Each structure stands twice: as C-alpha cells, then as structure tokens.
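In my numbering, each residue's number is its place in the sequence shown (first place is 1) plus 23.
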Amino acid sequence: SRERTLTENVSPHGARVISQRYWQSGEESLITPLTGEFRQVGRVIYCLPKGEDRFCLGVEFPDRTVKWGVHSGV
C-alpha cells in the first residue's frame, strides 16, 4: 500500500526513511521522491522502532546512484 513518508537522511546509495509500518529486512520498496529523479526500487536493510507507531528504515538502492532533489519545508 502507498504511504507518504519522511526522509531523515539521504546518500547516493540509500536513505533513512520514517514509516508507519514494520518492514522486513530484504523487503523491496518503491520510493518516489517529491523532486529529483524517477521512482527507485530500494531494498530494506534494517527496520528499527522509533517511538509509537513509527519505524526507521535503512533503504539501499543497489542498482544505481540516486540524485536527490532538495526540498525544504518551513
């Protein structure tokens, strides 16, 4: 199912994403940036609880380097 997430940290090969559900290591996710490149398939490396009803995901993009757009909310 679709979910709008918050991205805490990005690199050319991965991201740390905050999700509302638990993910299994190795599970694939389709990531669609708000700006920048096209959708990317990422693989979950880790999933850690973050407070109530939130999880931190480490997602890697093994197939290519991702160029992230910059989005600043004030």
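Just so you know, even glycine gets a beta-carbon here, dropped at the ideal spot from N, CA and C.
Just so it is clear, the structure is predicted and the values come from calculations on it, not from any experiment.
Distance check for residue j and residue i, CA to CA, integer angstroms please.
{"i": "residue 73", "j": "residue 79", "result": "6 Å"}
{"i": "residue 31", "j": "residue 81", "result": "10 Å"}
{"i": "residue 63", "j": "residue 76", "result": "25 Å"}
{"i": "residue 86", "j": "residue 40", "result": "18 Å"}
{"i": "residue 96", "j": "residue 25", "result": "Note that residue 96 scores 45 on pLDDT, short of 50, meaning its location in the model is unreliable and no value can be drawn from it."}
{"i": "residue 46", "j": "residue 70", "result": "6 Å"}
{"i": "residue 37", "j": "residue 83", "result": "4 Å"}
{"i": "residue 56", "j": "residue 44", "result": "19 Å"}
May I ask you to report which of helix, strand or coil DSSP gives residue i?
{"i": "residue 35", "result": "coil"}
{"i": "residue 51", "result": "strand"}
{"i": "residue 75", "result": "coil"}
{"i": "residue 26", "result": "coil"}
Return the Cβ separation of residue i and residue j in integer angstroms, given the expectation that the two are a contact with Cβ distance under 8 Å.
{"i": "residue 66", "j": "residue 51", "result": "6 Å"}
{"i": "residue 48", "j": "residue 68", "result": "6 Å"}
Between residue i and the ligand MN, is there a pair consisting of the residue's CB and a ligand heavy atom that are separated by less than 8 Å?
{"i": "residue 42", "result": "Absence of the ligand MN is noted for the structure shown, with no ligands found whatsoever."}
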